[in-house]
Amino acid sequence: MIDKTNDNIQLHTAKEICEQILYSHSKIRSTSICEDNGVIICSEEKINNESLLSREEGHASLIQATARFFNRKIHDDGFGQTMFSLTMHEKIARVAIPLTSKHVILMSIENDVNHTDLIMNEIYPIIIEKRFNNIIFLKQN
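Take the position in the sequence shown, starting the count at 1, then add 42; the result is the number in my numbering.
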């Protein structure tokens, strides 16, 4: 459970969210939840996918993606709340979606899929379901 008073997230809840998103669509390769300070709470990947990075490179990539995501949030007052961030690479797409004010969900997704449709129709419903079931509470600004 996530404590709405300080945005703490319990490991079993994070793992459940990661796994539910990971297996919601065949084109999702991996999911992770990271804190705004770069701490990786959980990281799940499908075992049948070829790793594109070493374990160390993968962890460094998650930390860098987390930093980039929270750096972008500086402009939320002007642009509005960040819904998601999508970066297209030659081999995969990387997606970042806010979970709480201090947590981000990071995913890698195959390129041969409509990423926006996948995010809006598969991933967001999972996040919204968790929020309505009182598992995730977002701090109100």
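Glycine is no exception: its CB is placed at the ideal position from the N, C-alpha and C atoms.
Helix, strand or coil at residue i according to DSSP, with G and I counted as helix
i: methionine 162; result: helix
i: isoleucine 170; result: helix
Residue burial classification, residue i (beta-carbon count within 10 angstroms, cutoff 16)
i: isoleucine 63; result: buried
i: serine 93; result: exposed
i: alanine 138; result: buried
Cβ pair residue i, residue j closer than 8 angstroms
i: arginine 71; j: serine 150; result: yes
i: leucine 104; j: leucine 148; result: yes
i: arginine 114; j: threonine 124; result: yes
i: threonine 108; j: cysteine 76; result: yes
i: lysine 144; j: isoleucine 59; result: no
i: lysine 88; j: leucine 160; result: no
Closest residue to residue i among the options (Cα-Cα distance)
i: methionine 162; options: Gly122, Phe126, Ala107 and Ile83; result: Phe126
i: histidine 131; options: Asp118, Gly120 and His157; result: His157
i: isoleucine 83; options: Ile168, Ala102, Lys57 and Tyr65; result: Lys57
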